[in-house]
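Just so we're aligned: the sequence shown equals residues 10 to 193 in our numbering.
Structure, as structure tokens:
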Amino acid sequence: MRKIYFIRHSIRDTNIKHEVEAPLTDDGYDLAELLVPIFESINITAIYSSPYNRAIETIVPIAESKKIDINIVTDLKERVIGTWVKDFDSFTKQQWDDFDYLIEDGESLNDVRHRMLRTFNTILSRSTGDIIVSGHGTSFAVLFNYFTPDFGYESWRNMTMPDVYCLTIYNDIFELKRTKLKGG
């Protein structure tokens with residue numbers, strides 16, 4: 010049996026417009042610290058992260074407490090939206106209603122799912138034991154939807170920053186559960 014802990018990044022500083030470089034807010038850093046107690050008694054063998062600063066900064070406290078290096082994986086990045094979207098909520102709902110819907114220079118949710126499944130399988134094949142994967146809401150949500158079709162648009166909308174989900178793998182059976190943050 011293996012456990013894969015998916016951690017959605019904490020609160021991002023929206024004043025920094027560069028998607029990859031945006032750091033966490035002060036509150037985001039404080040919330041990231043609250044993740045450490047969740048993993049105190051769990052034997053984590055490896056940590057993987059999206060290359061985005063907010064995803065890395067979210068798991069630095071855990072990595073430091075465990076004395077584990079963070080492995081950066083480019084394909085754990087967030088969904089590429091493409092050209093500017095004026096009504097983001099409508100755009101996102103349309104994508105969840107039609108996994109092939111995309112706009113110029115963007116990714117469909119099916120594109121994201123294929124990228125995330127390929128990346129997830131690569132990470133699983135290169136690691137052993139229980140691991141942490143840090144990343145983004147949409148990219149995780151479409152992966153979760155693959156394992157648990159009940160995880161859809163409303164589940165995605167209810168994700169928090171940060172958020173922790175544990176995927177237990179046992180004899181090719183996948184069980185996904187959300188983990189409550191202590192003190193959060």
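From the three backbone atoms N, C-alpha and C, an ideal C-beta is built for every residue, glycine too.
Everything numeric in this text was worked out from a predicted model, so none of it was measured.
Inset, instruction - Work out the CA separation of R17 and V69 for me, nearest whole Å. - result: As a first step, residue 69 is located in the sequence shown; it is residue number 60 there, counting from the start. As a first step, residue 17 is located in the sequence shown; it is residue number 8 there, counting from the start. Taking the straight line from one Cα to the other gives about 13 angstroms.
Legend entry - Spatially closest choice to S58 from V121, F160, T67, by CA coordinates: Taking the sequence shown and counting its residues from 1, the one referred to as residue 58 is at position 49. The residue with the shortest Cα to Cα distance from S58 is T67.
Inset, instruction - Express the C-alpha separation of G138 and M10 in angstroms, rounding to a whole number. - result: Position 1 of the sequence shown, counting from 1, holds the residue named residue 10. Position 129 of the sequence shown, counting from 1, holds the residue named residue 138. Each residue's Cα considered, the two are about 8 angstroms apart.
Legend entry - Neighbourhood of T202 by C-beta, 8 angstroms cutoff - its chain only, sequence neighbours within 5 removed: Residue 202 is absent from the model: the chain starts at 10 and stops at 193.
Legend entry - Touch test, the region 34-46 against the region 156-173, Cβ-Cβ under 8 angstroms, three pairs minimum: Contact between the region 34-46 and the region 156-173 is present, because at least three Cβ pairs lie under 8 angstroms.
Legend entry - Runs of beta strand (DSSP E) wholly within the region 128-188 (minimum 3 residues, chain order): Within the region 128-188, the complete beta strand (DSSP E) runs of at least 3 residues are 139-144, 172-179, 182-188.
Legend entry - C-alpha gap between G161 and V29, whole angstroms: For the purposes of this step, residue 161 is taken as the residue at position 152 of the sequence shown. For the purposes of this step, residue 29 is taken as the residue at position 20 of the sequence shown. Straight-line spacing of the CA atoms in G161 and V29 works out to 26 angstroms.
Legend entry - Option in I141, L126, R88, D98 with minimal Cα separation from F48: For the purposes of this step, residue 48 is taken as the residue at position 39 of the sequence shown. Ranking I141, L126, R88, D98 by CA distance to the CA of F48 puts I141 first.
Legend entry - Whole-angstrom distance between C175 and T157, CA atom to CA atom: Against the sequence shown, residue 157 aligns to sequence position 148. Against the sequence shown, residue 175 aligns to sequence position 166. Here the C-alpha atom of T157 lies approximately 12 angstroms from the C-alpha atom of C175.
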